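Report on one structure; see the data block that follows.
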Amino acid sequence: MYRKVTRQPKGTKGFEMTLCHDLETREKRGFLKGGPQLLEALAYLRSSDRDIIHPMLLPVIVLSLKIGSRTETLQHEALNQIRLIEAQLRNIRPIRRAFISEDESMALEAVNADLAVCHRKVWKRAETYVELMDEFYNSLQAIACTDQESRLFSIHLSLRSRVELLRQRMRGIQSLAYDTLDRIDMQRSVIHNILLNQQIQIALQIEKRKQKQETIKELAVRGWNRTQLLLSLVGSIFLPMTVVAALFSTSFFNFHPGPGKKIVSPDFWVFWVVTAPITIIFVACWAFAAMQRGK
48 MYRKVTRQPK GTKGFEMTLC HDLETREKRG FLKGGPQLLE ALAYLRSSDR DIIHPMLLPV
108 IVLSLKIGSR TETLQHEALN QIRLIEAQLR NIRPIRRAFI SEDESMALEA VNADLAVCHR
168 KVWKRAETYV ELMDEFYNSL QAIACTDQES RLFSIHLSLR SRVELLRQRM RGIQSLAYDT
228 LDRIDMQRSV IHNILLNQQI QIALQIEKRK QKQETIKELA VRGWNRTQLL LSLVGSIFLP
288 MTVVAALFST SFFNFHPGPG KKIVSPDFWV FWVVTAPITI IFVACWAFAA MQRGK
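If you use this note's numbering, the sequence shown corresponds to residues 48 to 342, in order.
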């Protein structure tokens, strides 16, 4: 019995094979279901009507078509494609530049799409077929023919050699698949590191801009505080003079003096005697308040 059921992308099933062979009557009965590849297998079976007496002929034909040259070619194509992707990433990868350009970003998207296509080509579960062929080989050993002169014995040797060849080919395909998958994962890590480095650089640039804006804002606040201090200092100096002059209601200057009269009033010293101590007290209070604000 050999059975495999898989759902294809278009909604169709894979193939299913259930065989029963009578070694005495050499009659084979069973259930067989599949796609276009199965028709090709039946065509090979009809052309090998003399060898149909062997119970493992049809399973080996189906397995040979499944692991054909097309499968191995696809694995080599995937390996060649990953080599091209590696070359593209070497050209895209920024070494001395912090950012990647828009063209390089589009190239990274194309490389990522190529990696997905390459990943679809790789045979993901090659070890399953290796185990399957081991079971085929064990089955051939179990039903080995003892009569070396019979035709069944020659067919048996031919099928056993075919299964051994397929097993070795599948191991080679398995090695190619593992190598390709490892390289795909490595290139995905490279793309991830490039994008991560890009994000880190963008975050650093944003942080630098924030720090620059904070510095500019701090300088503006300092300038505004200095202006306010200067205005308050000027007010502390001139405000007492204005208050004293208003209290005295005295004009200390005569801008239109008559003949023999002075421009400055002789009582001008009184203004300074009263104003100077008050101004000194105001300035001292201002300086003390400024020092306390600074602390």
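From the three backbone atoms N, C-alpha and C, an ideal C-beta is built for every residue, glycine too. Quantities reported herein were computed from a predicted structural model and do not represent experimental measurements.
Beta-carbon spacing of residue i, residue j below 7 angstroms
i: Met-217; j: Tyr-176; result: yes
i: Cys-67; j: Gly-81; result: no
i: Ala-173; j: Ala-224; result: yes
i: Ser-279; j: Val-330; result: no
i: Ala-88; j: Val-109; result: yes
i: Ile-238; j: Asp-98; result: no
i: Leu-105; j: Leu-92; result: yes
i: Ile-132; j: Asp-161; result: yes
Straight-line gap, residue i to residue j (C-alpha atoms, nearest Å)
i: Ala-145; j: His-123; result: Residue confidence for Ala-145 is low, a pLDDT of 49 falling below 50, so the modelled location carries little weight; the figure read from the coordinates is stated next. If you take the alpha carbons of Ala-145 and His-123, they lie about 36 angstroms apart.
i: Ile-142; j: Ile-241; result: In this predicted model, Ile-142 has a pLDDT of only 45, less than 50, meaning its place in the structure is not dependable; the value taken from the coordinates is given anyway. In a straight line, the C-alpha of Ile-142 is about 10 angstroms away from that of Ile-241.
i: Leu-212; j: Gln-135; result: 37 angstroms
i: Asp-181; j: Arg-207; result: 11 angstroms
i: Met-48; j: Gln-245; result: In this predicted model, Met-48 has a pLDDT of only 46, less than 50, meaning its place in the structure is not dependable; the value taken from the coordinates is given anyway. The alpha-carbon atoms of Met-48 and Gln-245 are separated by roughly 56 angstroms.
i: Met-64; j: Met-103; result: 12 angstroms
i: Ile-129; j: Arg-230; result: 7 angstroms
i: Thr-326; j: Gly-270; result: 26 angstroms
i: Leu-85; j: Gln-248; result: 56 angstroms
Residue i burial status per 10 Å Cβ neighbour count (16 or more: buried)
i: Thr-262; result: exposed
i: Thr-227; result: buried
i: Trp-319; result: exposed
i: Arg-117; result: exposed
i: Pro-287; result: buried
i: Leu-179; result: buried
i: Glu-285; result: According to the sequence displayed, residue 285 carries Phe and not Glu. So Phe-285 counts as exposed.
Selection from the options that minimises the alpha carbon distance to residue i
i: Ala-323; options: Ile-100, Asp-181, Ala-292; result: Ala-292
i: Lys-413; options: Thr-120, Arg-209, Ile-190; result: The structure shown does not extend to residue 413, since the chain is modelled only from 48 to 342, so the question has no answer here.
i: Ala-189; options: Cys-165, Leu-204, Arg-76; result: Leu-204
i: Gly-219; options: Arg-93, Ala-336, Gly-115; result: Gly-115
i: Asp-69; options: Gln-339, Ile-100, Asn-159; result: Ile-100
i: Leu-126; options: Phe-200, Ile-202, Leu-243, Val-164; result: Val-164
i: Arg-209; options: His-239, Leu-112, Leu-243, Gln-258; result: Leu-112
i: Ala-5; options: Glu-178, Val-281, Arg-97, Arg-137; result: An answer regarding residue 5 cannot be provided, because it is not within the stretch 48 to 342 covered by the chain.
i: Ala-154; options: His-166, Arg-137, Arg-273; result: Arg-137
i: Val-290; options: Glu-178, Val-268, Val-321, Pro-83; result: Val-321
i: Val-107; options: Trp-170, Ser-186, Thr-72; result: Ser-186
Enclosing beta strand (DSSP E) for residue i [first to last residue]
i: Asp-98; result: Unbroken run through Asp-98: none, as it is neither H nor E.
i: Glu-178; result: Note, Glu-178: premise wrong, no beta strand (DSSP E); alpha helix (DSSP H) at 173-189.
i: Gly-77; result: 74-80
i: Glu-63; result: 63-69
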